[in-house]
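**Student:** Going left to right, the sequence shown walks through residues -19 to -1, 1 to 325 as mature numbering (1 follows the signal peptide of the UniProt record, and there is no 0) numbers them.
Can you keep this structure in mind? I'll have questions shortly.
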Amino acid sequence: MYKMILAILSVTVCYAASAQQKLKVIAIGSYNCENLFDTVDDTAKKDEDFTPNGAYSYTQEVYTQKLHNIATVLEKIGTDVTPDGAAVIGLVEIENSTVLADLVAQKEIKHRNYKYCWFPTPDERGISTAMLYNPKYFKLIAAETLPVPLETIGQKRPTRAVLHVYGVLAGDTVHILVNHWPSKSGGEARSAPGRMLAAKVNKHLIDSLMAIRPDTRILLMGDLNDNPTGEPVKEVLQAKADKDDVTMKDLFNPWINIYKKGMGTESYRGEWGLIDQIMLSGSFVENNTGWRYYRAEIFNKEFLTNKLGKDKGLPHRSFTIAQVWDNGYSDHFPVLVYLVKNAD
């Protein structure tokens, strides 16, 4: 049997009977890196803006600083709870394997020996989803992409595929789905069918897996370009907001209630949206053995936010609206969920 060495952090959970239980904890993250491109023009993609002579003057110096900034975020997420940070991180807006190799080699996170999964997808700009994993916690078994065929609903512009990763997370077999659903470009009504289709691609795989084994452990994450109360999440994925309502075959979405409190991961026209989410299959809620859901967190630390002006408190993005490098991080905050397991 595959054995993993865990960094154990004792946390205390108070139950109704006031009993205390020491637990192991693991962090799972998701982060939209906001256009993490290299500086090379890919003639097959529309990535010219992110080249030295492009609209963003994306020089090697800017690229190097962007890598450092993103690595700084990845270094810190989850460390309030576990010193090893996030064991698995879904990434959005990644151009290629080159930037991933450069990212994991950054001094801030090099010591964690992160590995990555990535496949090219049909997106015209060349951005894809990816997944980093710490081999101390995660053993990769297989990975694939699931196309989101927008042409079947009459849309010509291709979108990102769903990254499906299968492996062992600190002793538990899991399926991880990393998403970047079609944006709302062109308006809500015009773009909504694309997100509905992306949700259906996820739902089809989830239902197929659960038909074979209802207690399958699944993590669905990424930038959904829709809030937790949106139709794709509510009607297609049928995600539940409250743990008490979750059965083994359901998806649990802790972000629904967080969003209702007015919190978000990105802001558009002065309104917070919580489009970055991590959902969990019912086995992370119902099971008393193995890893189970503990809590969710928007990683909106002060160093990631704007300090002044009308954008105070918003994510400090990489570039200004005028496309000038602002030495920021991303226009999204990362999100995290923590899983716990009884200590030996």
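Ideal placement from N, C-alpha and C gives every residue a C-beta, glycine not left out.
Return the chain-ordered list of same chain residues with a C-beta closer than 6 Å to the C-beta of Trp272, the five sequence neighbours on each side being excluded.
**Tutor:** As a first step, residue 272 is located in the sequence shown; it is residue number 291 there, counting from the start. Excluding its 5 nearest sequence neighbours in each direction, Trp272 has C-beta neighbours in its own chain below 6 Å: Asp153, Leu320, Lys322, listed in chain order.
**Student:** Could you tell me whether the region 138 to 146 touches the region 108 to 126, where touching means 3 or more Cβ pairs closer than 8 Å?
**Tutor:** yes
**Student:** Please name the residue in Lys215, Tyr37, Val155 whose C-alpha comes closest to that of Arg194.
**Tutor:** Indexing the sequence shown from 1 puts residue 194 at position 213. Of Lys215, Tyr37, Val155, the smallest CA-CA separation from Arg194 is found for Val155.
**Student:** Hey, Ala51 and Tyr310 are a contact pair by Cβ (cut 8 Å); roughly how many whole angstroms apart?
**Tutor:** Here residue 51 refers to the residue found at position 70 of the sequence shown. Here residue 310 refers to the residue found at position 329 of the sequence shown. This sequence places Ile at residue 51; Ala is not what is there. 7 Å between Cβ atoms; contact.
**Student:** Lys96 to Tyr114, Cα distance in whole Å?
**Tutor:** Position 115 of the sequence shown, counting from 1, holds the residue named residue 96. Position 133 of the sequence shown, counting from 1, holds the residue named residue 114. Rounded to the nearest angstrom, the two C-alpha atoms are 5 Å apart.
**Student:** Can you tell which of Thr210, Gln136, Pro209 has the C-alpha that lies nearest to the C-alpha of Leu178?
**Tutor:** Taking the sequence shown and counting its residues from 1, the one referred to as residue 178 is at position 197. Looking at the Cα atoms, Gln136 is the closest of the given residues.
**Student:** Should Ser264 go down as buried or exposed, given a rule of 16 or more other Cβ atoms within 10 Å for buried?
**Tutor:** Here residue 264 refers to the residue found at position 283 when the sequence shown is read from its first residue. Buried is the call here.
**Student:** On the criterion of 16 or more Cβ atoms from any shown chain inside 10 Å, does Ile134 qualify as buried, or is it exposed?
**Tutor:** Residue mapping note: residue 134 aligns to position 153 of the sequence shown, counting from 1. The residue in question, Ile134, is exposed, as its Cβ has fewer than 16 Cβ neighbours within 10 Å.
**Student:** Which residues does DSSP pair with Gln219 in a beta bridge?
**Tutor:** In the sequence shown, the residue the question calls residue 219 occupies position 238. Beta-bridge pairing links Gln219 to no other residue.
**Student:** Please classify Lys27: does DSSP put it in a helix, a strand, or coil?
**Tutor:** In the sequence shown, counting from the first residue as 1, residue 27 sits at position 46. Note: Lys27 maps to coil in three-state DSSP.
**Student:** Using alpha carbons as the reference points, say which of Lys291, Ser189, Pro163, Glu89 lies closest to Asn208.
**Tutor:** Looking up residue 208 in the sequence shown gives position 227. Ranking the options by Cα distance to Asn208, first place goes to Pro163.
**Student:** Give every residue of the same chain whose Cβ lies closer than 6 Å to the Cβ of His161, excluding the five residues on either side of it in the sequence, and list them in chain order.
**Tutor:** Along the sequence shown, one-based indexing puts residue 161 at 180. Val73, Thr110, Arg141, Gly203, Asp204.
**Student:** I'd like the list of long-range same chain contacts for Met191, defined as Cβ closer than 6 Å, with 5 residues on each side in sequence excluded.
**Tutor:** On the sequence shown, position 210 is the one that residue 191 refers to. Non-local C-beta neighbours of Met191 in its own chain, meaning closer than 6 Å and more than five positions away in sequence, comprise Thr197, Lys230, ordered along the chain.
**Student:** Here's a check: name, in chain order, each residue in its chain whose Cβ is nearer than 6 Å to the Cβ of Phe100, leaving out the five neighbours to either side.
**Tutor:** Counting from one through the sequence shown, the residue named residue 100 turns up at place 119. Excluding sequence positions up to five before and after Phe100, its CB lies within less than 6 Å of the CB of Thr126, all in the same chain and listed in chain order.
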